[in-house]
Amino acid sequence: NAGVTQTPKFRVLKTGQSMTLLCAQDMNHEYMYWYRQDPGMGLRLIHYSVGEGTTAKGEVPDGYNVSRLKKQNFLLGLESAAPSQTSVYFCATRQDYYEQYFGPGTRLTVT
Amino acid sequence: KNEVEQSPQNLTAQEGEFITINCSYSVGISALHWLQQHPGGGIVSLFMLSSGKKKHGRLIATINIQEKHSSLHITASHPRDSAVYICAVQASGSRLTFGEGTQLTVNP
Chain S
1 NAGVTQTPKF RVLKTGQSMT LLCAQDMNHE YMYWYRQDPG MGLRLIHYSV
51 GEGTTAKGEV PDGYNVSRLK KQNFLLGLES AAPSQTSVYF CATRQDYYEQ
101 YFGPGTRLTV T
Chain F
1 KNEVEQSPQN LTAQEGEFIT INCSYSVGIS ALHWLQQHPG GGIVSLFMLS
51 SGKKKHGRLI ATINIQEKHS SLHITASHPR DSAVYICAVQ ASGSRLTFGE
101 GTQLTVNP
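Line by line, the protein sequences give chains S and F.
Take the first sequence: its letters are residues 1 to 111, numbered as in my numbering.
Take the second sequence: its letters are residues 1 to 108, numbered as in my numbering.
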C-alpha cells in the first residue's frame, strides 16, 4: 500500500519547456489536490478534483493544467514553464470528511 | 489579512518543555486541520477537528469555534518534534486554506 506517490521527485526545466507531474494514489479516494509551497507562504491550491473526470481551479491556477482521466491518477501539466513556477509541488488526496494524505513532493526548478 | 494566522512564526524550546502553537482564522469553518512537515519535506496530518479537543500521544489540539481559534500543544517536547506545524481551515466544500506554518526547534 503505497498511499500517495509523486513522479518525478526532482526536475530542472528551462524556461519555455513543458512537463507533467504525476500523482498516483491507491486508497480509492475521491478528492485529489495539487498544491505549491513557496518560502514564506502557506501551501496554495493550484487545481483540484472531486472525482474521476472532474477538475476545478484553485487559488493559483494560471500556467497549469490538470487532468483526472482515471480515479487513481491526477496529472499536473506545465505547458510553458516560467521561473515563477519554481516551487515544491505537493499532491494530496482525501475521502469524504477525513484528513488529507500528502505525497512526498516534487521539487521543480525552472531556469 | 490572511484568513489563517499562526503564532508564533518561530519557536525554540528546550527538551521537556510544554509547547503551544496558536491558529486564528477569520471565516466560518466546517473543520480545522493541524499538519506536521519534517525537515525532509513530507507532510502528515496530525488532527482534524470541528469542536472540542483531540489527543494523540503527547499532542493535544483544541478548538474554540466561537472565538475562531485553535491551539496545538506538545507535552514533554523532544528534539524529534522539531518540524514545521501548519494550521489549515476547511470553510466549505473540499478546499483547505493554510497558514504559513510555525517552525519549531526543540534543543536537547
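Ideal Cβ positions, reconstructed from N, Cα and C, are used throughout, including at glycine.
- C-alpha of T106/S to C-alpha of F90/S: approximately 7 Å in a straight line.
- Straight through space, the alpha carbons of Q103/F and T97/F are spaced by roughly 18 Å.
- Taken in chain order, the complete beta strand (DSSP E) segments of 3 or more residues contained in the segment 59 to 89 of chain S are 65 to 67 and 73 to 78.
- Within the segment 79 to 107 of chain S, contact with chain F at the beta-carbon level (separation under 9 Å) is assigned to V88, F90, A92, R94, Y97, Y98, E99, Q100, Y101, F102, G103, P104, G105 and R107.
- For G52/F, the enclosing beta strand (DSSP E) stretches over residues G52 to H56.
- Using a 10 angstroms sphere on the CB of A2/S, the tally of other CB atoms stays under 16, which defines it as exposed.
- The Cβ of L43/S sits closer than 7 Å to at least one Cβ of chain F.
- Contact between W34/F and F18/F does not hold, since their C-beta atoms are separated by about 17 Å, which reaches or exceeds 8 Å.
- Looking only at D26/S, F74/S and Q17/S, the smallest Cα-Cα distance to P83/S is reached by Q17/S.
- A residue is called buried once 16 or more other Cβ atoms fall within 10 Å of its Cβ, and D81/F is buried on that count.
- Chain order gives the chain F residues near Y31/S as S94, where near means a beta carbon separation below 9 Å.
- Listed as beta-bridge partners of E15/F by DSSP are no residues whatsoever.
- Take the alpha-carbon of K55/F and the one of V27/F: they are about 25 Å apart.
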